[in-house]
Amino acid sequence: MATKETDNQQQRSSQELPVVLVNRLPSFRLPSKPPFEDDLLSHFHLLDPHDSPEPYDSFLSRHASSIRALITVGTTPVTAEFLNLLPCLGLVVGTSAGLDHIDLPACRSRGIAVTNASSAFSEDVADCAVGLLIDVLRRISSADRFVRGRMWPAKKEYPLGFKLRGKRVGIVGLGSIGSEVATRLSAFDCSIAYSSRKKKPSVPFPFYANVGDLASNSDVLILCCALTEETTHIVNKDVMIALGKQGVIINVGRGYLIDEKELVQCLLRGEIGGAGLDVFENEPNVPKELLGLDNVVLSPHRAVMTPESFEALLQLTVANLKAFFSNKPLLSVVSNE
Amino acid sequence: MENHQERSDHRSQDLPQVLVIKPPPVLTLFEDKFISSKFQLLKAWESTLPLDQFLTNYAGSVRAVLCSGASPITADIIRLLPSLQLVITASAGVNHIDLTECRRLGIAVTNAAGVFSDDGADAAVGLLIDVLRKVSAADRYVRNGLWPVKGDYALGSKLGGKRVGVVGLGGFGSAVAKRLEAFGCTVLYNSRTQKPSVPYPFYSTVLELAADSDSLIICCGLTAETRHMINREVLLALGKQGVIVNIARGAIINEKEMVECLVRGEIGGAGLDVFENEPNVPEELFGLDNVVLSPHRVVFTPESFVAASELVVGNLEAFFSNKPLLSPVIYE
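Now the structure itself:
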């Protein structure tokens, strides 16, 4: 972000434009696509402590009284302690699919609204979840390695993959991402069931209150839920055994949804059939044992990312901020469930 | 035990023979399904005689032949089978059968297209997602230990909203189209003839289709007309961001020209299950990250092979009972 532009903005219209704090870890950046920047900069006065020569704490306390809204970039945390420094804050705009880096109870108790960005990403995450599933079942990446290793002429035979049609797919978390996954897999004639915090009355798929029961009745588990205290390690050894030896797990949520150590053991022992993983407990570190397995597909936490979804994210961010400052309903507010 | 003995006796005396020149995969995998009270197999590959001699000596009264890509039914072979009335293949493709000669002589042909459509479509969509979202390339990146060292891998491109041109809207093409719609793609197609009941825009040439598409998925059969139908001109029309997926037959694409386009960055990527000269794959492709390669397997599942073998046996039993064939190839 050009400092000069920001200075000009400040001189021109610091009284006119609403102030928005950019909350980011030093290594993160707001996506600096030109249309986004222009739209954001023409409607809001962005304050970025890391772009200022002033020490972080002093910059923040100097501007605190004018900061009613902030954008938190990627998974930059928003903690209760941080919120205490911003007594006038009314809105936190999330820019990632997940929310586990934001202290939601702390926001709630201070009357601070939080908007999330999952709708901007849901389609892309769902596309990737389905892509990973087809890949694991039909061994696409494994076959690609086989061919690139020049093994086809030598070893003519290569194991067949598994059919997708008719598979019982259990979706853990039927939010915007889970719903998009369900729509896609229905077109492949899979049967869908789900587990969620609460049953959704308008949804035609069978509901299981317990992930273990969902696993017992599924061939595939796709994890699309948020990471919370309740969902940490929700997929544990029992769930994996219940899923079974042919079972496949796809995780596009958060690494900690699965007990990763147990997952590795189950895969090594053949207790489950395979896994497609976009997230891990300790990124960017991936358990070494997985690197040699042919029934696993590994993705470096990018299910969410296409340039097109960044477009959608930026539009959503701007739209939420505009709504907030004109006292209109927020577009993607996180409800207090 | 007794039954087996009886069957054996039947086999050597009464049952009509089905010639098999080389065993198709379904026969190798599921030979037990081919034990029938209506026919027995005449296994040419088990003989030490040269093929034409074997056929002359033993296949004079053979009315049906079970073939595969490895044992094509040419005019020469047909000439050595004077009683031939039926050619059966366990595959979807029929390009290894001289259809013109069969039609001329009134020889019926059956294939197994229907049983592979769903799995083929799954594979095609899987390959498309892989190329667009770089799934295999990213998997390679992680396996090579590069994530902690080099950071995030390059972004892919969104599938939704893409205009996908389906070449050939038969069983495979229709199944592909249905799936793509669920991802929010716009489906366009080219086919020998326009299909009035179909909601997708029709393009009368592959060139026009390519010019208006972001991706092409090849779902048609290999014929004299479709050989090398996808050439440099078509690929350039598809464009630098364009992705091509081929689950049909390698020779539908001019492979040399496609490899050049890929190496020069004139198209965006390719997902290939089939090649002109399998199992040989052009060396240049091994170094490309925007290509996904599959050893002519991704379409197949054990279930579809079982279904194919059941369809083959069903056709044979119908034929030998003078009942209508289950899956005849209709000559257009």
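Chains as they are written, first to last, in my numbering: chain A, 1 to 337; chain B, 1001 to 1332. For each residue, glycine too, the CB sits at the ideal point set by N, CA and C.
Please work out which residues of its chain come closer than 6 angstroms, Cβ to Cβ, to residue i, disregarding the five sequence neighbours upstream and downstream, and give them in chain order.
| i | result |
| --- | --- |
| Tyr256(A) | Leu227, Thr232 and Glu281 |
| Thr1301(B) | Asp1119 |
| Lys1038(B) | Glu1317 and Phe1320 |
| His50(A) | Pro26 |
| Leu21(A) | Leu47, Ile67 and Leu70 |
| Ala1124(B) | Val1176, Ile1217, Val1245 and Ile1247 |
| Pro1196(B) | none |
| Leu1019(B) | Leu1042, Ala1059, Val1062 and Val1065 |
| Phe1030(B) | Ser1309 |
| Gly170(A) | Ala193, Leu214, Ser218 and Leu221 |
Quick check: the Cα distance between residue i and residue j, rounded to an integer number of angstroms?
| i | j | result |
| --- | --- | --- |
| Thr277(A) | Glu1276(B) | Rather than Thr, the amino acid found at residue 277(A) in this sequence is Leu. So the alpha carbons of these two residues sit roughly 34 angstroms apart. |
| Lys1158(B) | Asp127(A) | 8 angstroms |
| Arg1133(B) | Val1291(B) | 11 angstroms |
| Gln1194(B) | Ser1204(B) | 8 angstroms |
| Val235(A) | Pro206(A) | 19 angstroms |
| Leu1272(B) | Ile1230(B) | 13 angstroms |
| Leu1127(B) | Ile140(A) | 8 angstroms |
| Ser1036(B) | His1096(B) | 26 angstroms |
| Val1281(B) | Ser1091(B) | 22 angstroms |
| Val1142(B) | Ala1044(B) | 49 angstroms |
| Ser326(A) | Pro18(A) | 10 angstroms |
| Pro1148(B) | Ala1154(B) | 14 angstroms |
| Asn1144(B) | Ser1068(B) | 39 angstroms |
| Gln1040(B) | Ala1308(B) | 18 angstroms |
| Arg184(A) | Ser195(A) | 18 angstroms |
| Gly244(A) | Asn295(A) | 14 angstroms |
| Val1259(B) | Arg1192(B) | 26 angstroms |
| Phe188(A) | Leu268(A) | 29 angstroms |
| Ser335(A) | Ile192(A) | 26 angstroms |
| Ala117(A) | Ser58(A) | 30 angstroms |
| Gly173(A) | Asn1315(B) | 46 angstroms |
Could you check which residue in the options has the C-alpha nearest to that of residue i?
| i | options | result |
| --- | --- | --- |
| Gly1221(B) | Leu1099(B), Leu1066(B), Phe1039(B) and Gly1160(B) | Leu1099(B) |
| Thr1048(B) | Ile1035(B), Ile1021(B) and Phe1172(B) | Ile1021(B) |
| Glu1208(B) | Ala1182(B), Phe1183(B), Ala1224(B) and Leu1236(B) | Leu1236(B) |
| Glu1303(B) | Gly161(A), Glu37(A) and Thr115(A) | Gly161(A) |
| Phe1116(B) | Ser1036(B), Asn1095(B) and Gly1173(B) | Gly1173(B) |
| Leu290(A) | Leu298(A), Ala154(A) and Glu283(A) | Leu298(A) |
| Arg302(A) | Asp213(A), Leu330(A), Ala143(A) and Asp124(A) | Asp124(A) |
| His1228(B) | Arg1249(B), Leu1216(B) and Ala1210(B) | Arg1249(B) |
| Glu230(A) | Asn210(A), Ser218(A), Asn217(A) and Asp238(A) | Asn210(A) |
| Leu177(A) | Pro284(A), Ser96(A), Pro55(A) and Ala319(A) | With the sequence shown as reference, residue 177(A) is identified as Ile, and Leu is not the correct amino acid for it. Ile177(A) has its Cα closest to that of Ser96(A), out of Pro284(A), Ser96(A), Pro55(A) and Ala319(A). |
| Ala120(A) | Asp259(A), Gly175(A) and Ser195(A) | Gly175(A) |
| Gly273(A) | Lys322(A), Asp219(A), Phe324(A) and Ala80(A) | Asp219(A) |
| Gly1242(B) | Lys1162(B), Val1329(B), Arg1297(B) and Pro1279(B) | Lys1162(B) |
Let me know the secondary structure DSSP gives residue i once reduced to three states.
| i | result |
| --- | --- |
| Arg24(A) | coil |
| His301(A) | coil |
| Ser1321(B) | coil |
| Arg148(A) | helix |
| Asn1190(B) | strand |
| Pro1328(B) | strand |
| Gln1085(B) | coil |
| Cys128(A) | helix |
| Asn320(A) | helix |
| Gln246(A) | coil |
| Gly369(A) | The displayed coordinates of chain A run from 1 to 337. Any statement about residue 369(A) would go beyond what the structure contains. |
| Lys1195(B) | coil |
| Leu1335(B) | Outside the displayed span of chain B (1001 to 1332) sits residue 1335(B), for which this structure offers no information. |
| Thr72(A) | strand |
| Leu331(A) | coil |
In its own chain, which residues sit with a C-beta less than 8 angstroms from the C-beta of residue i, not counting the 5 before and 5 after it?
| i | result |
| --- | --- |
| Lys1240(B) | Gly1265, Glu1266, Ile1267 and Gly1268 |
| Asp1139(B) | none |
| Gly1160(B) | Phe1183, Gly1184 and Cys1185 |
| Leu1080(B) | Asp1052, Leu1055, Thr1056 and Ala1059 |
| His101(A) | Thr72, Thr75, Thr76, Pro77 and Val78 |
Suppose the cutoff is 7 angstroms on Cβ atoms and the five residues either side in sequence are ignored; what does the same chain contact list for residue i look like?
| i | result |
| --- | --- |
| Val1187(B) | Val1164, Val1166, Ala1177, Leu1180, Glu1181 and Tyr1200 |
| Ile241(A) | Glu271 |
| Ser1083(B) | Gly1060, Ser1061, Val1062 and Arg1063 |
| Ala1075(B) | Asp1098 and Glu1101 |
| Ala113(A) | Gly90, Leu91, Leu330 and Val333 |
| Pro287(A) | Glu260 and Val264 |
| Phe146(A) | Trp152 and Tyr158 |
Quick one: does the C-beta of residue i sit closer than 7 angstroms to a heavy atom of the ligand ZN?
| i | result |
| --- | --- |
| Arg269(A) | In terms of ligand content, the structure shown is empty, and the ligand ZN therefore cannot be addressed. |
*Does the stretch 313-333 of chain A come close enough to the stretch 1157-1168 of chain B to have 3 or more Cβ pairs within less than 8 angstroms?*
no
*Are there three or more Cβ pairs, one per stretch, closer than 8 angstroms when the stretch 245-260 of chain A is compared with the stretch 125-135 of chain A?*
yes
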